[in-house]
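Take the sequence shown: its letter number 353 is residue 352 in numbering that gives the first Met the number 0, and every next letter is one higher.
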Amino acid sequence: MTTAASTTLDSINPATLEVVGTVPVTPVEDIPSIVANARNAQKAWAEFDLEARVELLRPVAKRLEEEAGRIGSLITAEMGKSTKEAQGESAYGAQKFASELESAYEAFIPEEVCDENTKSLVYRDPFGVSVAITPWNFPMLMPQQCILPSLVAGNTVIFKPSEETPLVGQAYADILNEVLPEGVLQVIHGADDQGKALVSSDINLVTFTGSREVGAKILTACGPDLKRVILELGGKDALIVLDDADIEAAATFAVHNSFRNAGQVCVSTERIYVNDAIADEFEALVISKTEELKQGNPSKDDVAIGPMVSSMQRDIVLQQLDQAIEDGAEVRCGGTTNENFITPTVLTGCSHDMRIMHDETFGPVCCIQRVSNDEQAVELANDTPYGLGGAVFGEVDHAVSIARQLTTGMVGINKACGGAEGTPWVGACQSGYGYHSGRDGHRQFTQVRTVNIPIHQVKPKY
Ligand code: NAD
0 MTTAASTTLD SINPATLEVV GTVPVTPVED IPSIVANARN AQKAWAEFDL
50 EARVELLRPV AKRLEEEAGR IGSLITAEMG KSTKEAQGES AYGAQKFASE
100 LESAYEAFIP EEVCDENTKS LVYRDPFGVS VAITPWNFPM LMPQQCILPS
150 LVAGNTVIFK PSEETPLVGQ AYADILNEVL PEGVLQVIHG ADDQGKALVS
200 SDINLVTFTG SREVGAKILT ACGPDLKRVI LELGGKDALI VLDDADIEAA
250 ATFAVHNSFR NAGQVCVSTE RIYVNDAIAD EFEALVISKT EELKQGNPSK
300 DDVAIGPMVS SMQRDIVLQQ LDQAIEDGAE VRCGGTTNEN FITPTVLTGC
350 SHDMRIMHDE TFGPVCCIQR VSNDEQAVEL ANDTPYGLGG AVFGEVDHAV
400 SIARQLTTGM VGINKACGGA EGTPWVGACQ SGYGYHSGRD GHRQFTQVRT
450 VNIPIHQVKP KY
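Here's what the structure looks like:
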């Protein structure tokens, strides 16, 4: 917890309510000098050429691999992620560091484009000082996707981890700072006040992952100076289960994707539209699979579902749940609470007028609504300001034809929404403004500049 006047920030274990550790809060009045430091460091960092920056960063992947166990345990302690998922995040993060480093390198290599009159040299230059503001739900992976391409591009980075997970953020930055020159990556700690001060300071690029509401505030704050922004925001992902779906596979996915990380994933399945013809069987399977999930202290290896990250997040979920029940949804399993724990809950009989089918829930609630045909499923799925991910289960051609009618950035066919290596992580509509990863995602961390030479004056060195 931190308040405007706090000088320290305690990180609380949401399962045990014990203090995991404490960091100093960065005074807002110190932010201009931190930005000035980043500005000074940026000149020298950009003068390292692209190859030199990549070479310097290569050993970090090995260090992250060596520290993956420690960071994974810290993720579990700070935000309540199950041990399996938290260790998975830190191990995957180390592996991803290596592959993203190389793909960012390739994305930023200058290009040549010629026509009969002109030879163009296309450069991808740094913007200058960038800011990475990140959430708590993937406290290593989300910072990495904001920080890594920015550094490779030649920007310096000021990183503000979530106030819920400052220790993971600090541990991650400390490992990068074993190799980076002073001032290239700085960490500030705090909450809204520090975030606001950072965004309105003399910086060039804000990369933000978090809620739609805060994303909109950042966009407004960056407007007057036309600062560059990349916003990866919340979602309300739908799962559509068609009448020709493999019902067992669809139910397994529904349970996994509704409850992993206790539902605190931007691409969690937040609403399910199932065809009437298979709804009885699908609902029964979802309920029985949900009842098998083990909930408890996530530091124990066999626990699949931990607590909500905080009492505030728990209360948001409970308010939506209570309202849905009042509006006629039926609790088929779960629905109980203990401190920050909410048992995995399945609601059937959901309808489009319920708040829980519209607002991001970010909790362990699986909401099922029956539909009579594909058109209705598509219409309901698209009736949202969000547009992050989604999934369609059914015969492949049938499912692809439905996917192409959805307004989200990513759709999985008989699987989760994430794409092949090298494709972007992209939210459409109000789930994103710019995007990450893949060649085109990396390039958003750069300013394109072209130098154009008459073709008959081109010298061999160009
Ligand atoms: P949040 O928006 O409340 O906070 C995110 C960060 O913004 C924190 O570091 C916070 O301190 C900071 N902040 C708060 N107010 C600010 C302001 N006015 N100016 C600048 N910074 C400010 O989000 P959260 O609760 O930490 O994370 C959950 C949200 O993140 C969910 O909506 C989830 O869907 C989203 N998310 C999206 C993705 C994606 O890839 N699209 C990934 C992970 C999480």
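All residues carry an ideal CB built from backbone N, CA and C; glycine is no exception.
Just the Cα atoms here: how many angstroms apart are residue i and residue j?
| i | j | result |
| --- | --- | --- |
| G233 | G20 | 28 angstroms |
| C428 | Y385 | 6 angstroms |
| A3 | A220 | At A3 the pLDDT is 49, less than 50, meaning the model places this residue with poor confidence and gives no usable figure here. |
| E329 | G68 | 41 angstroms |
| K61 | I202 | 31 angstroms |
| S5 | P160 | 17 angstroms |
| E420 | G437 | 8 angstroms |
| E28 | V198 | 14 angstroms |
| D242 | G295 | 36 angstroms |
| Y143 | V447 | Checking the sequence, you will find Gln at residue 143 rather than Tyr. About 23 angstroms. |
| G334 | I367 | 15 angstroms |
| G462 | V205 | Outside the shown range of the chain, which is 0 to 461, sits residue 462, and nothing can be said about it. |
| V302 | N339 | 15 angstroms |
| L218 | R211 | 10 angstroms |
| T7 | G194 | 16 angstroms |
| Y331 | Q312 | A quick correction: the sequence has Arg, not Tyr, at residue 331. Straight-line Cα distance between these residues: approximately 22 angstroms. |
| I324 | A261 | 20 angstroms |
| N36 | G127 | 12 angstroms |
| M141 | T268 | 19 angstroms |
| D326 | L49 | 57 angstroms |
| N176 | T445 | 22 angstroms |
| Q263 | D314 | 14 angstroms |
| L147 | I30 | 22 angstroms |
| R123 | K288 | 49 angstroms |
| D396 | Q456 | 53 angstroms |
| P487 | S149 | One cannot answer for residue 487 here, as it falls past the ends of the chain, which runs 0 to 461. |
| L292 | P343 | 8 angstroms |
| F96 | T407 | 27 angstroms |
Under DSSP, the beta strand (DSSP E) around residue i begins and ends at which residues?
| i | result |
| --- | --- |
| K118 | T117 to P125 |
| I367 | V364 to V370 |
| D9 | T7 to I11 |
| V450 | T445 to P453 |
What are the boundary residues of the alpha helix (DSSP H) that includes residue i?
| i | result |
| --- | --- |
| Y171 | P165 to L175 |
| E269 | Here E269 belongs to no alpha helix (DSSP H), and DSSP marks it neither H nor E. |
| S310 | S310 to E325 |
| K83 | T82 to F107 |
| G71 | A67 to M78 |
| K460 | Per DSSP, K460 belongs to no alpha helix (DSSP H) and is neither H nor E. |
| I30 | I30 to E46 |
| F252 | I246 to F258 |
| S287 | D275 to E290 |
| R211 | R211 to C221 |
Would the beta-carbon of residue i fall within 8 angstroms of that of residue j?
| i | j | result |
| --- | --- | --- |
| V399 | I412 | yes |
| G71 | A93 | no |
| A390 | V410 | yes |
| I74 | S89 | yes |
| V254 | F281 | no |
| A467 | F158 | Outside the shown range of the chain (0 to 461) lies residue 467, about which nothing can therefore be said. |
| G189 | V34 | no |
| L166 | Y461 | no |
| I286 | V345 | yes |
| S257 | T82 | no |
| E77 | T164 | yes |
| I454 | T117 | yes |
| G79 | V308 | yes |
| I174 | L63 | yes |
| V213 | L56 | no |
| A278 | R369 | yes |
| V266 | A380 | no |
Exposed or buried, which one is residue i when buried takes at least 16 other CB atoms within 10 Å?
| i | result |
| --- | --- |
| P306 | buried |
| V22 | buried |
| G417 | exposed |
| S129 | buried |
| E54 | exposed |
| P423 | buried |
| N113 | The displayed chain sequence assigns Cys, not Asn, to residue 113. Label assigned to C113: exposed. |
| G222 | exposed |
* Count the C-beta pairs between the stretch 226-241 and the stretch 429-437 that are closer than 8 angstroms, then say yes if the count reaches three, no if not. => With the rule of 3 Cβ pairs closer than 8 angstroms, the stretch 226-241 counts as touching the stretch 429-437.
* Asked: Does the pairing of the stretch 178-187 with the stretch 245-259 give three or more beta-carbon distances under 8 angstroms?
  -> No: the two stretches stay apart, fewer than three of their Cβ pairs being nearer than 8 angstroms.
* Asked: Given 8 angstroms as the limit, is there contact between the stretch 135-155 and the stretch 5-21, that is, 3 or more CB pairs closer than that?
  -> No, they do not touch.
* Asked: Three or more C-beta pairs closer than 8 angstroms, one from the stretch 354-361 and one from the stretch 369-376: is that the case here?
  -> No, the stretch 354-361 is not in contact with the stretch 369-376.
* Evaluate the contact criterion for the stretch 98-107 versus the stretch 435-448: three or more CB pairs, one atom per stretch, below 8 angstroms. => Between the stretch 98-107 and the stretch 435-448, the count of C-beta pairs closer than 8 angstroms reaches three or more; the two stretches touch.
* With contact counted as at least three CB pairs below 8 angstroms, one residue from each stretch, are the stretch 312-330 and the stretch 270-283 in contact? -> The answer is no - the stretch 270-283 does not touch the stretch 312-330, with fewer than three Cβ pairs under 8 angstroms.
* Asked: If you pair each beta-carbon of the stretch 149-165 with each one of the stretch 32-44, do three or more pairs fall below 8 angstroms?
  -> The stretch 149-165 vs the stretch 32-44: in contact.
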